[in-house]
Each structure stands twice: as C-alpha cells, then as structure tokens.
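Participant:
Numbering (this note's numbering), first residue to last: 6 to 217.
#1: Between residue 43 and the rest of its own chain, which residues show a CB-CB distance below 7 Å, the 5 nearest in sequence each way excluded?
#2: With DSSP collapsed to three states, give me the class of residue 155.
#3: Is residue 26 helix, strand or coil by DSSP?
#4: Which value, in whole angstroms, describes the spacing of the CA atoms of residue 131 and residue 49?
#5: Report yes if the CB atom of residue 101 is closer than 8 Å to the CB atom of residue 55, and no otherwise.
#6: Smallest Cα separation from residue 212: which of 193, 146, 31, 39?
#7: How long is the line joining the alpha carbons of residue 75 and residue 136, rounded to whole angstroms?
#8: For residue 92, collect the residues of the same chain with a Cβ closer than 6 Å to its Cβ; drop the 5 residues on either side in sequence, then sort them by chain order.
#9: Measure the alpha-carbon distance for residue 27 versus residue 128 and round it to whole angstroms.
#10: DSSP state of residue 162, grouped into three classes?
#11: Assuming residue 157 and residue 174 make a contact with CB atoms under 8 Å, what is their CB distance in whole Å?
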C-alpha cells in the first residue's frame, strides 16, 4: 500500500511514483492526518477472535508470509532491516487471530530517511491476509499506528497510496485521513476516487502542504 524509502521497494510501489509502465509513471497519492484531529486519535476496534500487539522477535517469518499474501513477495531479513531501523518505538502493530496465533494484518509507523521533513512520520506497509478480509483488521492496525504516532508527539503523519486501492482508500477516509493536494492534478484524481467510493469530494477543505 505504501512506498517508503531505503533498499527494498517493490517495482509496483516505488517512491514517489507508482510504476504503470516504463514510459508512463504516475505520482502516488498522499493522505495526511489533519492537524485538527491531532487531539482526537482514532479508536482501535477489533472484532471478536482477534487481538492486537506490537512486533516481537520471532515474528519475521509470519510477516514475510503476510507480505507475500498481500502482493509483496520476496521479503527477508535484509529487506526488513531498514524498515525496522526507520521505525518508531512500539509502532509496528499486528492483528493476530487469537485461536491460531496467526498474524493476519500489519502496519508500521516509520520515518522515511529520504523525507525532506525530519518530523515526517509515515503510516507504511499496511498488509492483510485475504482470508481475513472484510473484518476491519486493516483499519485496526492503521488506527493503532496513527494513535501511537500521535502519542509520540508526531504531527506530520502521512501515507502514500494508489488510485486503484479503493478498499484501503475508504479505510483511510473513515479513520480521518484526508487527501493532500500537493500537485494540480490531484484534485481531479481524488474527484474520480470519491465518486467511486461514494465519498464527499471537498477539495476546499483539504490541505496542499504537510504540517511543518
């Protein structure tokens, strides 16, 4: 769902462009947590049968499997390392199936070293097991990361995403994230997305720059 920085960036989510053809790159969308909601972090809600926790040593193999299920194959220790180094303390959350102990959703809060704003905090690598889709687990881990970043005093909280990720986009909207209109073309793209999602298109309320 996201593209961040260092070594391992799958071709389909390279930052800052989502690759849709070698000669036709499309700049990824950005959404931000609005300044007026910094005092109102999102609630974390999980359905029965699941629990929420942060990363523990030994979770790596399950995480690699989850990423493959989510469409990002090839993760290993080398590819994970830069994200762990860029992550904030206790800001990598998992939704876990209680009976099996299986990790079924994941999200991280990280600082992308390539971000020009040293205060930038990215909600990244949101992934879910398709067998557990539709239960609000992605929303839960995203809410947990966002809430933790706010607890840490982070203000410039954002994410990168793509036009075609409609279920994820609706989740971000419902949490409270809003589009960042950082390029002239963004309003038109978001108008299409809002139409597809049946979501209010209110560009006059959306920011054009991130919080400094």
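For each residue, glycine too, the CB sits at the ideal point set by N, CA and C.
Facilitator: The structure says:
#1: Cβ within range, chain order: 155, 160.
#2: The three-state secondary structure of residue 155, taken from DSSP, is helix.
#3: Any reading at residue 26 must be qualified, since the residue scores a pLDDT of 43, below 50, and its modelled position is unreliable; the value itself is stated next. Residue 26: coil per DSSP, three-state reduction.
#4: Residue 49 has its alpha-carbon roughly 15 Å from the corresponding atom of residue 131.
#5: In contact: residue 101 and residue 55 (Cβ atoms closer than 8 Å).
#6: Taking only the C-alpha atoms, the option nearest residue 212 is 39.
#7: C-alpha separation (whole angstroms): 11 Å.
#8: Within its own chain, the residues whose Cβ lies closer than 6 Å to the Cβ of residue 92, once the five positions on either side in sequence are excluded, are 113, 115, listed in chain order.
#9: Below a pLDDT of 50, predicted positions are generally treated as unreliable, and residue 27, at 45, falls in that range; the measurement from the model is reported next regardless. Taking the Cα positions, residue 27 is about 27 Å away from residue 128.
#10: Looking at residue 162 - three-state DSSP - the assignment turns out to be strand.
#11: Going by Cβ atoms, the distance from residue 157 to residue 174 rounds to 25 Å, so no, they are not a contact pair.
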